[in-house]
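The next block holds one structure in the form of structure tokens; read it before the comments.
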Amino acid sequence: MKKIFLGLLLLLSTSMFSQETFVKKYTSMISKKDGILQPWEKTDVTVVFNPRGVKDIVIYYSSGNTLTLHQIGGVEAGKTNSGEGYQIVECIDQDGEKLAIQLFDDDTCFRILIAEGYMIEFHND
């Protein structure tokens, strides 16, 4: 019984931690359209994860535009072929389009995977 209680407590603490609000800033971006990488651009983007304890991701652009993504899947951890760790989650945007968000463990890269051949990648240089 004690093991079950400890397991439930660990599960609850993990799910509460995953809903903590945190903020990341990015200063450059690159995108891929139709499988072709576009030139690097300077930018000023602020990304808020889990605002107000809700499983959303809000992207604030320096232009004043925002993009709100709603998490529809659980967070999965993985590694790239070169061994870089990341977390990925499936989301829908404000128009109901599915996409995936990838946040790298080294804290320098945030990627939006839109569709095959399309992505946006933000970096903090």
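Residue numbers (mature numbering (1 follows the signal peptide of the UniProt record, and there is no 0)): -18 to -1, 1 to 107.
Every residue, glycine too, gets a C-beta built ideally from N, C-alpha and C.
- Answer with buried or exposed for LEU51, where buried requires no fewer than 16 other C-beta atoms within 10 angstroms of its C-beta. By the 10 Å Cβ count, LEU51 comes out buried.
- Query: With respect to the beta strand (DSSP E) encompassing ILE74, which residues constitute its N-terminal and C-terminal limits?
  - Reply: Residues 67 to 74.
- Task: Would you mind stating whether VAL30 and THR3 have Cβ atoms separated by less than 8 Å?
- Result: In terms of Cβ geometry, VAL30 and THR3 form a close pair [threshold 8 Å].
- Message: For the pair the stretch 53 to 67 and the stretch 80 to 88, tell me if three or more CB-CB distances fall below 8 Å.
- Response: Segments in contact, yes.
- Message: Please report the distance separating the alpha-carbon of VAL40 from that of SER64.
- Response: Between VAL40 and SER64, the alpha-carbon positions lie close to 29 Å from each other.
- Of the choices TYR42, GLN76, LEU49 and GLN1, whose alpha-carbon is the least far from that of VAL36? The option with the nearest alpha carbon to VAL36 is GLN1.
- Task: Just tell me which of TYR43, ASN32 and ILE18 has its CA closest to the CA of LYS7.
- Result: TYR43 is the residue among TYR43, ASN32 and ILE18 whose C-alpha sits nearest the C-alpha of LYS7.
- Is the Cβ-Cβ distance between GLU103 and ILE18 less than 8 Å? For GLU103 and ILE18, no; Cβs fall outside 8 Å.
- Should VAL5 go down as buried or exposed, given a rule of 16 or more other Cβ atoms within 10 Å for buried? Classification of VAL5: exposed, given that the 10 Å Cβ count is below 16.
- Would you identify the three-state DSSP class for LEU(-13), choosing helix, strand or coil? With a pLDDT of only 37 at LEU(-13), under the threshold of 50, the placement of this residue in the model should not be trusted; the figure read from the coordinates follows. For LEU(-13), the three-state secondary structure derived from DSSP is helix.
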